[in-house]
Amino acid sequence: MSDKTRKEPDQQWFDDNMRKPAEQMDKLFEPAAPGLAQFERMVLEHRKTVKKKQWRDIGLLWLAGCFIFSFMMWLADRHLAWFIAGQLTVAAGALATVGMKFGRRLRRGWKG
Amino acid sequence: MNESEKLNVIVIERSEKGGGEALVDEEKLLVKLAVRGDAESLAELLRRSYAFLYQYVLKATMHKARAEDITQETMLRAIEKIATFQARSSFSTWLISIASRLMIDRARRSERERKWLEEEKGLHSLRYDMLMKQSDWPDALDALGGLPDSVRIPVLLKYYYGYEQNEIAAMLDIPAGTVKSRLHNGLKALRKEMAGHVGQDEERAGSTMV
């Protein structure tokens with residue numbers, strides 16, 4: 000049986016048994032949409048909030064970056080072996096993360 | 000003349016022409032302006048999609064409070080991500096896709112038992128509201144409410160909204176095979192549940208005859 004002919008009776012069954020009650024529900028629970036002005040306010044206010052959050056995140060990122068960089072410089076200066084070990088560990092972790100992320104996507108693509 | 004004023008002129012011209020085609024063109028134009036950062040166009044798109052989105056989320060969650068919450072969160076996400084919207088699908092499809100992922104993420108995060116209790120409570124309150132508004136609560140909605148979110152969402156998207164399996168897979172970010180099996184299991188469960196309700200109704204009718 001082809002995929003299409005197998006799907007049609009399912010759709011028919013759904014239309015016969017479920018569609019009307021679901022449409023009834025849509026009708027009964029139709030919300031009154033707020034006015035355009037309210038949506039505009041929501042858009043502008045949320046943009047402002049997001050922008051503020053982005054600046055805060057950028058600030059934190061720079062702070063963390065400066066801290067890590069200073070620490071790494073100190074480590075390279077005082078304990079070179081530990082510095083190399085740290086760099087290798089971070090590189091291995093990054094490779095594993097990238098592999099897990101893209102590997103999963105690739106497997107999904109093959110199955111799909 | 001700024002972008003919004005230009006849009007108003009075009010919209011008025013289009014509405015004078017009338018017809019569904021004009022509406023589609025108008026939406027495309029609104030999307031274009033919204034992607035460029037025009038707040039008024041984005042607000043208009045959100046206003047137009049609000050009822051549709053809420054109704055979809057309500058059917059998918061069967062829980063009024065959660066539906067309101069997710070509708071609002073979806074709109075906020077849309078405001079954040081509008082610059083990345085490539086208009087390959089309609090704006091409402093994009094919103095549905097955001098809402099569906101939010102619902103699935105939340106379902107994953109919440110504990111199973113608490114979720115079940117919430118769903119039961121949500122279904123009771125919906126049933127009460129519907130009974131207050133009209134005569135009865137259809138068995139079909141009970142059956143739909145009994146499905147887990149992860150199954151109910153693809154079933155609604157496929158059979159109620161008419162999306163294809165691969166579109167649903169992309170919207171929910173799951174493999175097409177998973178969508179297929181969830182649709183199969185979902186419909187099987189609905190059929191079983193509905194057959195049970197019919198059996199109960201017949202029994203009840205038989206006992207009143209006796």
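Chain order of the listed sequences is A and B. Just so we're aligned, residue 0 is where the first sequence starts under numbering that gives the first Met the number 0, counting upward by one. Just so we're aligned, residue 0 is where the second sequence starts under numbering that gives the first Met the number 0, counting upward by one. All C-beta atoms in this analysis are idealised placements derived from N, C-alpha and C, irrespective of residue type, glycine included.
Query: Alpha carbon to alpha carbon, how far is B/K179 from A/F13? Give it in angstroms, no decimals.; Result: 16 angstroms
Query: If you measure from the beta carbon of B/E112 to each beta carbon in chain A, is any gap under 7 angstroms?; Result: Unreliable placement is indicated for B/E112, whose pLDDT of 46 sits below 50; the coordinate value is still reported in the next sentence. Not one chain A Cβ lies under 7 angstroms of B/E112.
Query: As a quick exercise: from B/K63, B/L44, B/E39, pick the residue whose alpha carbon is nearest that of A/L43.; Result: B/E39
Query: What do you reckon, is the C-beta of B/L45 under 6 angstroms from a heavy atom of the ligand FAD?; Result: Among the components modelled here there is no ligand, and therefore nothing to report on the ligand FAD.
Query: When burial is assigned at 16 or more other CB atoms within 10 Å of the CB, is B/G176 buried or exposed?; Result: exposed
Query: Can you tell me the Cα-Cα spacing of A/G64 and A/M71, whole angstroms?; Result: 10 angstroms
Query: Determine, using beta carbons only, whether A/F82 and A/A93 come nearer to each other than 7 angstroms.; Result: no
Query: What are the start and end residues of the alpha helix (DSSP H) that includes B/I103?; Result: 90-108
Query: In the DSSP assignment, find the alpha helix (DSSP H) that holds B/L41 and state where it starts and stops.; Result: 38-60
Query: Where does A/L79 fall in DSSP's three states?; Result: helix
Query: Considering only C-alpha positions, which residue in the set B/P137, B/V150, B/F51 is nearest to B/I95?; Result: B/F51
Query: Tell me the DSSP secondary structure of B/E112 in three-state form.; Result: Caution applies to B/E112, whose pLDDT of 46 falls short of 50 and renders its modelled position unreliable; the model cannot decide the point.
Query: Return no unless some Cβ of chain A is closer than 7 angstroms to the Cβ of B/M102.; Result: no
Query: For B/P153, count neighbouring Cβ atoms within 10 angstroms of its own Cβ and tell me buried if that reaches 16, exposed if not.; Result: buried
Query: Select from the region 52-69 of chain B all residues with a C-beta closer than 7 angstroms to any C-beta belonging to chain A, and list them in chain order.; Result: Y53, Q54, L57, K58
Query: Under 6 angstroms Cβ to Cβ from A/T4, same chain only, skipping five residues before and after it: list those, please.; Result: Because A/T4 carries a pLDDT of 49, less than 50, the predicted location of this residue cannot be relied on, and no value is offered for it.
Query: In whole angstroms, what separates the C-alpha of B/E72 from that of A/W54?; Result: 22 angstroms
Query: Have a look at A/Q23 and A/L35 and give me their C-alpha separation to the nearest angstrom.; Result: 27 angstroms
Query: For B/L186 and A/D9, I'd like the C-alpha separation in whole angstroms.; Result: 7 angstroms
Query: Specify the secondary structure class of B/E163 as computed by DSSP and reduced to three states.; Result: coil
Query: Any C-beta of chain B within less than 7 angstroms: which residues of the region 71-91 of chain A qualify?; Result: none
Query: Skipping 5 residues on each side, what residues in its chain have a beta carbon closer than 8 angstroms to that of B/Q164?; Result: K157, A175, V178, K179, L182
Query: Helix, strand or coil for B/Q85, going by three-state DSSP, please let me know.; Result: coil
Query: Where B/Q85 and B/K27 are concerned, what is the direct C-alpha to C-alpha distance, given to the nearest angstrom?; Result: 11 angstroms
Query: Output, in chain order, the set of chain B residues within a Cβ distance shorter than 9 angstroms of A/F13.; Result: V154, K157, Y158, Y159, L186, L189
Query: Compare the Cα-Cα distances from B/A142 to each of B/A59, B/K63, B/I97 and report the closest residue.; Result: B/A59
Query: For A/H78 versus B/L75, is the C-beta distance shorter than 7 angstroms?; Result: no
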